[in-house]
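All letters in the sequence shown, in the order written, are residues 24 to 1299 by this note's numbering.
All C-beta atoms, glycine included, are put in the ideal place defined by N, C-alpha and C.
All figures in this text were calculated on a predicted structure; none of them were measured in a lab.
Single-structure report; data block below.
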Amino acid sequence: MADIPSGLLEACVVVGAASDKLREVHQSHQQGKIKELPLLGAEVLQVHAPPFVTKESASSENQGHAPAFSRVQRRRSFIKKKKERAGIANGETAKGSDGGGGTTTEDISVPKDLDLIALPQLCFPGGLQIASEQREDSYHYLVFTDVFGNRTHAVVVQYYRPIQFFQDGGHQNGHRSSSKSSRLYTAYGICVISKYPYYNALRDCLSCLLTQLKPSWMGDFEERVKEFSAKLALVPIPPPGQLHVVFNLRPLQIGLPSREDKDRPAVDLDLHLPFLCFRPRQLLQIITSLLTEQRVVLLSCDWARLTLLAESLMLFIHPLVWQHPFVPILSHQMLDFLMAPTAYLMGCHLHHYEEVAAETDDLILVNIDDGTVSSSWSDGIDLPDVPLAAAECFITRVEGLQVHYDLEVCHLGAGTEVNERRAQRKQWQRKLNTHIQNITLELIVNIFREVHDHLNYEHRVFNSEEFFRSREQADQPFYKKVLDTHIFHSFLRDRLNRKMDAFTRMELSTRTEAYRLRSMTESPRRPTMQELARKYTSPESRLSKRLGASLPNLGESGGSLVGPLRQTSFKNIQVDSGMKSPQSPVRFFKLPEFPPPLAYHYVQNYYQEMITLLGKAISGAASEDSSLLARYHYLRGFVNTVAGKRLDALEDFQNLYKTDTDIFPGELVNALVDSLQEGEQVLADRRPEIKRLISQVKRDHERERARHVDEGVKRFQLPKKHMQLEDFVRHVQESGIVKDQGTIHRLFEALTVGQQKQVDPEIFRVFYTFWKETEAEAKEVALPASALEHLEANECVFKLSSSVKTSHGVGKIAMTQRRLFLLTEGRPGYMEVTKFRDIEEVKISSAPFLLLRIPSLKIKTTLRKETFEVNLKSEVDLWHLMVKEMWAGRKMADDHKDPQYMQQALTNALLMDAVVGCLQSQKAIFAATKLAHFDRMKLEVPLMVPKTTSETLKHKINPSLDLTSPQAVDVLLYTPGQLGVSSDSEGDGNPKLWCALSDGKVVVFDATSWSMQQNQVQVGTSRVNCMLGVDRQQVWIGSQDSVIYIISTRSMSCNKQLTDHRSEVTGLSLGERSEKYSPKVAYSCSAEGAVIVWDVSTLKVRKQFRVSCDRLQSVQLCNGTLWCCARDCIMEVWKNGMLHRKISLPEQLCGSPTAFSSLLLYHEREQLWTACIDVGELCVWHLREPTKPFQRIQLPDCAGVTCLIKVKNQIWVGGRGWSSGKSRGKIYVVDAQRHTVEKELVAHTDCVQALCSAEDRYVLSGAAREDGKIAIWKVE
């Protein structure tokens, strides 16, 4: 059978001094020959590793499954008596060294990747000391790393036993001795090794073991350790989430906390320990040394602190992952590891401090005991500072931490129940750990928040130079070092893969509304007036603004700035605000009492008892608590796997599709499927849910093998050879200048005017340099206070002329996205020239100057009688082009209620500026005209928006803004808000608009501001056909790949799937509830005619049937019957699937190649409205006698209908038609009573594919690919 993940125990190793060495020391001591007790070399005495029992050893029948939580794997022999071997050859305390060799006296099964050579040194890093008196037990922790970077964890206890030798030479360790005065004690190390970092739990397990070992004789020692190991091998690891595993190991109750999510390790240590050892600024220095990949050495007198501190630091930098050697404990024989030339994090005893500092340069020395950070090469420490805003935020948060448990319990009495007090302490620690992880994650988010602004996902490029230039001057030394590290490169790879991890979730949830609104329009980066205003205020005020980007409790004004900016005091920050994500209540699954663990049938009974308990837990769990159910199913599937019940295990894992796909163990399930025997395969084929799972897993596995994902990350580089159009598009997109392919094509035409159609790399370099220099100059614009008062907070200066003479004095003309204004010279002042929407005429003229005529620009506006004239000299042609383009863009934006036209016009104007700047020739102005897109559109085809359309249209938004070209809007869904849901809980209570684009992309907008809330939720890779808001917690999405994906509206993630359909899901509908407390049901249909009835709370199939038709497209419920719309007919079906009535295409359409496209049930009037794909009319039928339509409504200039919705007493019809001789997306508003067309709306350049209503106040329409936008219409 394939490998199965192990349980809690990987191995248990006993280490101590060799018997002959002990005898020699004992005899010398008895004879008085030694004055000082020596340090002895330690060696491995025992190894215990699963499997401890096998079916073969118990019975020869029914062979074939793996016992215990173990992997059937190749083992090698552990040799008790060994020859002397050479020291460690590996340069790292790594697993994988071969431990073979020597004379074999006993074979013991040992995991193949366990290094038994280094282990004794690490169990006794300071040497094995013989003592003349009993010493306290001492614990420390180890981490081993293999060559692939996989870590294994261990807890070691050193405890002392008295040495006694009988007269016949026998060796005894016990409690009876004839000569107490001469008694000696030797240390034994018991090392419990696990693949999981359960440090506290394993320490507690060893504490329980010692209570049994101390009173026992040495003869019982090995058997007790083996039994202890076998028990731990039976303990399953909890899945990610809120379910913890608890078991009794007398006298203590031990708990295994689960991982928070699959990307994080389990946290079973006290994360506040670093805060007890270091001040916040020292911690920031240590974190900086890790992020910049220094060589870091931790030092302490206490071996336990080294690993606990090192592991805490690894959690503090999550989701960044340390890529270099990680050896928290070095024994004195291993100090030469510190000479390694690479970055590393290692630890050693404090008494090596002077030696380490003197012998090795370029080390960051972290003294845990003194709380200091220093360097080995100088008195100071040459580390860049963490970015100021992030550092101050972190320090403020840390100051609010309550890290002293005694203060929490000082009001409580002394508990008499030890497990109760332990549980209380663990609960406090769990909350504190969560708070600390939030603080450190926020630090990482604040440092790297704006990285995604400089990523190009299509070409997997990070524009590091631009990101670096956008940092504050004081923060640049930090980023200069970090950007070139392996740790950052790995982080970038995850960002480009759009990984939805803790970093992404916090970054999204802490985006300001201003940022979301700004991201709704694609415009070149320039500092806003608000940012410029802060630039000239105090550093504290600027710092508060930077903090506001991640602290929701710091408000950000969206209005214009008037008067001084108020400073925010750090002392007034509510430390917990915005930090605490709501924690799901922790649940505990208690394992049964351990059986005799070395007897096969007892172990099998134990598994069966565990399966029974989990079955009861599943039955008792609320069906709404799908997250908890998923954890129980996962755990039971795991136990079924190791108990050999493969089919039952697969059934449990199948249930994860309906409860939580995030924890689906793909590799394990694939291994289970591959290991099914012939008889099991036959049984699996008889169980439909398992058969579906097997086919799904195989399909996914094949897809993974076929998919080639480029995991690399490229840094933007200027091209080195001539570029054809395709290469040019790629380089411009990688540069981050502009994404839109249409704009880049026009730029290509501009740069290749009058020459061969390829761009010279030198031209591209000059163009790119000019663009970046212009961007940098805009950041240095010094505006007087009078200008800041007149401009809006989000306005940016994009172009500034040289000093020129105007009809209102001398000064510089400035251009923002809204207006032109004059910055007067001499006494700095502000004079508005015009807003772009107020321009009436722009033309080039000439102004007399002495005997010359100087070229000038005349601008006539609707608000002034006099014409504004400015002598722009050689700049006049460029400004003429730019102002006309901005004017045309503003007019189109106002007419079409689409602000993106203005942003596109602005981009075109700035590209003109860069083209003229880089060509520097007579043809430069002609080249720039190629970019005058909107001005040309205005001249060629005056796009007059019909009056009715203009009055009804409220706004337009672009869901494809992050993409390189428009995507079709396939489906729209509006979900209402939730009263009483606070914004700082997970998710928010605002209404949302869900927009399905091509290839399974779903974009979510906040319907209160129409800002993009979620860039993208991915549901498979196929087209989305339908969406349904089932309740306030979930949205169902039917896909072309035959799966129904379920998105949680709180977490905005897709973690459930319904996989019962065999072909593409085409329709979804909610059922009617006959009684208040009757279960809510939903209906889904697929193209081949299958209809499934779902129980919404349990996600179980209540009923399924099939109707005969040509492509079933939708289902709707009305008065207890189901109406099914297919291409060739409309059927009324009883709830049991029996056909009641069937409506065929109207007679006049029977001979044409058309088909039904949609139906609408008008309950109140008992009417059925139908539409066809290629026919411009609606048919209205009586529900009681739908033999033929009693009313046919002709839609003027309509070529076909795609969708219908009812809003108040109107029917809104979406389709395609003609307007001004061109094919357009059209919407018709039909009066439902008079059956007349009230309005004919034209706002899309491609077919309207989707309509939805927002609480009967607005209607939203989505168009096909050529348009790709969403229009928002007012309902009257």
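For this session: Report the three-state DSSP secondary structure of Pro297 (helix, strand or coil).
Result: The residue you call residue 297 lines up with position 274 of the sequence shown. DSSP places Pro297 in helix when its eight states are reduced to three.
Exercise. Are the Cβ atoms of Ala1277 and Leu1016 separated by less than 9 Å?
Worked result: Residue mapping note: residue 1277 aligns to position 1254 of the sequence shown, counting from 1. Residue mapping note: residue 1016 aligns to position 993 of the sequence shown, counting from 1. In contact: Ala1277 and Leu1016 (Cβ atoms closer than 9 Å).
Exercise. If you count every other CB in all the chains shown that lies within 10 Å of the CB of Asp138, and 16 or more means buried, which is it?
Worked result: Against the sequence shown, residue 138 aligns to sequence position 115. Asp138 should be labelled buried.
For this session: Pull up the CB-CB distance for Val320 and Cys371, whole angstroms please, since I reckon it's below 8 Å.
Result: For the purposes of this step, residue 320 is taken as residue 297 along the sequence shown, with counting starting at 1. For the purposes of this step, residue 371 is taken as residue 348 along the sequence shown, with counting starting at 1. Their Cβ separation, rounded to whole angstroms, is 7 Å, which keeps Val320 and Cys371 in contact under 8 Å.
Exercise. Straight-line CA distance for Ala644 to Phe676?
Worked result: Looking up residue 644 in the sequence shown gives position 621. Looking up residue 676 in the sequence shown gives position 653. Roughly 17 Å separates the two Cα atoms.
Exercise. Rounded to a whole number of angstroms, what is the C-alpha to C-alpha distance between Gly735 and Arg472?
Worked result: Here residue 735 corresponds to residue number 712 of the sequence shown, with the count starting at 1. Here residue 472 corresponds to residue number 449 of the sequence shown, with the count starting at 1. Cα to Cα, Gly735 sits roughly 21 Å from Arg472.
Problem set entry | Cβ pair Ile686, Arg659 closer than 9 Å | Reading the sequence shown from its first residue, position 663 is the one you call residue 686. Reading the sequence shown from its first residue, position 636 is the one you call residue 659. No, these two residues do not count as a Cβ contact at 9 Å.
Exercise. For Met1050, which three-state DSSP category applies?
Worked result: Counting from one through the sequence shown, the residue named residue 1050 turns up at place 1027. In this structure, Met1050 counts as strand in the three-state DSSP scheme.
For this session: In the DSSP assignment, find the beta strand (DSSP E) that holds Pro74 and state where it starts and stops.
Result: Here the question's residue 74 lines up with position 51 in the sequence shown. No beta strand (DSSP E) contains Pro74, which DSSP labels as neither H nor E.
Exercise. Quick one: any contact between the stretch 943-958 and the stretch 1221-1241, if contact means 3 or more CB pairs under 8 Å?
Worked result: no
Exercise. Which whole-angstrom value is the C-beta distance of Thr395 and Val468, which I expect to be below 8 Å?
Worked result: As a working note, residue 395 is residue 372 in the sequence shown. As a working note, residue 468 is residue 445 in the sequence shown. About 28 Å; that fails the 8 Å criterion.
For this session: For Ala870, collect the residues of the same chain with a Cβ closer than 6 Å to its Cβ; drop the 5 residues on either side in sequence, then sort them by chain order.
Result: In the sequence shown, counting from the first residue as 1, residue 870 sits at position 847. Taken in chain order, the residues that qualify are Ile877, Ser879, Asn894.
Exercise. Three-state secondary structure (DSSP) at Gln1233?
Worked result: The residue labelled residue 1233 in the question sits at position 1210 within the sequence shown. Three-state result, Gln1233: strand.
For this session: For Ser583, collect the residues of the same chain with a Cβ closer than 7 Å to its Cβ; drop the 5 residues on either side in sequence, then sort them by chain order.
Result: For the purposes of this step, residue 583 is identified with residue 560 of the sequence shown, where counting begins at 1. Confidence is the limiting factor: at Ser583 the pLDDT is only 32, short of 50, which leaves the residue's position unreliable, though a coordinate-based value still follows. Correct list, in chain order: Glu815, Ala816.
Problem set entry | Residues that Val484 bridges to, as DSSP identifies them | Counted from its first residue, the sequence shown places residue 484 at position 461. Answer is Asn479, Lys737, bridged to Val484.
Exercise. At which residue ranges does the stretch 318-397 contain complete beta strand (DSSP E) runs of 3 or more residues, listed in the order of the chain?
Worked result: 318-323, 367-372, 386-390
Exercise. Which residues in the same chain as Ser397 place their Cβ atom closer than 7 Å to its Cβ, once the five residues preceding and following it in sequence are excluded?
Worked result: Residue numbering aside, residue 397 sits at position 374 when the sequence shown is read from its first letter. Cβ within range, chain order: Leu388, Ile404.
Exercise. Once you ignore the five residues that flank Asp599 on each side, which residues in its own chain have a CB closer than 7 Å to its CB?
Worked result: Your numbering for residue 599 matches position 576 in the sequence shown. Note on Asp599: pLDDT 41, under 50, position unreliable in the model; the coordinate value appears next. Excluding residues within five positions, none has a Cβ falling inside 7 Å.
Problem set entry | Reference Phe6; option with closest CA among His903, Asp683, Val938, Ala707 | For residue 6 there is no data in the structure shown, the boundaries of the chain being 24 and 1299.
Exercise. Exposed or buried, Trp910, counting other C-beta atoms within 10 Å across all chains shown (16 or more means buried)?
Worked result: Against the sequence shown, residue 910 aligns to sequence position 887. Buried: at least 16 other Cβ atoms inside 10 Å.
For this session: Look at Val269 and Arg282 and say whether their C-beta atoms are less than 9 Å apart.
Result: Taking the sequence shown and counting its residues from 1, the one referred to as residue 269 is at position 246. Taking the sequence shown and counting its residues from 1, the one referred to as residue 282 is at position 259. Not in contact: Val269 and Arg282 (Cβ atoms no closer than 9 Å).
For this session: Leaving aside the five residues before and after Gln181 along the sequence, list all residues of the same chain whose C-beta is less than 6 Å from its C-beta, in chain order.
Result: In the sequence shown, the residue the question calls residue 181 occupies position 158. Around Gln181: Ser161, Ala210, Gly212.
For this session: Name the residue from Lys1262, Gln1001, Asn479, Gly64 whose alpha carbon lies nearest to the alpha carbon of Leu45.
Result: Locating residue 45 in the sequence shown gives position 22, where the first residue counts as 1. The option with the nearest alpha carbon to Leu45 is Gly64.
Problem set entry | Thr463 beta carbon less than 9 Å from that of Leu406 | Within the sequence shown, numbered from 1, the residue matching residue 406 stands at position 383. Within the sequence shown, numbered from 1, the residue matching residue 463 stands at position 440. Not a contact, by the Cβ cut-off of 9 Å.
Exercise. What does a CB cutoff of less than 6 Å around Ala928 pick up in its chain, not counting 5 residues either side in sequence?
Worked result: To locate residue 928, count along the sequence shown from 1; it is residue 905. Glu908, Met909, Gly912, Phe957.
For this session: Look up Gln677 in the DSSP assignment and say whether it is helix, strand or coil.
Result: As a position in the sequence shown, residue 677 is number 654, starting the count at 1. Three-state DSSP puts Gln677 in a helix.
For this session: Just tell me which of Arg841, Ile836, Arg521 has its CA closest to the CA of Glu898.
Result: Taking the first residue of the sequence shown as position 1, residue 898 is located at position 875. When each option's Cα is compared against that of Glu898, the closest is Ile836.
Exercise. With distances taken from CA atoms, which of Glu725, His509, Leu1183, Lys828 is nearest Ser1092?
Worked result: The residue you call residue 1092 lines up with position 1069 of the sequence shown. Considering only alpha carbons, the answer is Leu1183.
Exercise. Along the chain, where does the beta strand (DSSP E) that runs through Pro878 open and close?
Worked result: Here residue 878 corresponds to residue number 855 of the sequence shown, with the count starting at 1. Note, Pro878: beta strand (DSSP E), 875-884.
Exercise. For Leu716 versus Tyr791, is the C-beta spacing smaller than 9 Å?
Worked result: Numbered from 1 along the sequence shown, position 693 holds the residue referred to as residue 716. Numbered from 1 along the sequence shown, position 768 holds the residue referred to as residue 791. No, they are not a contact pair.
For this session: Just tell me which of Asp1151, Ile186, Gln54 has its CA closest to the CA of Ala41.
Result: One-based indexing of the sequence shown puts residue 41 at position 18. Of Asp1151, Ile186, Gln54, the residue nearest in Cα terms is Ile186.
Problem set entry | Segment contact, 8 Å Cβ cut-off, at least three pairs: the stretch 252-263 with the stretch 475-482 | no
For this session: Could you name the residues of the same chain whose beta carbon sits closer than 6 Å to that of Pro5, not counting the 5 residues immediately before and after it, in chain order?
Result: The structure shown does not extend to residue 5, since the chain spans only 24 to 1299, so no value can be given for it.
Exercise. Which one of His1267, Glu1261, Pro220, Ser973 has the shortest CA to CA distance from Lys1249?
Worked result: Sequence index remark: in the sequence shown, residue 1249 carries index 1226 (1-based). Selected option, being the one with the closest Cα: His1267.
Exercise. So, using beta-carbon positions, are Leu338 and Pro288 closer together than 9 Å?
Worked result: As a position in the sequence shown, residue 338 is number 315, starting the count at 1. As a position in the sequence shown, residue 288 is number 265, starting the count at 1. It is a contact, given that the beta carbons lie within the stated cut-off.
For this session: Take Gly1223 and list the residues in its own chain whose beta-carbon comes closer than 6 Å to its own, dropping the five residues that flank it on each side.
Result: Within the sequence shown, the letter at position 1200 stands for residue 1223. Around Gly1223: Ile1196, Asp1197, Gly1238, Arg1239.
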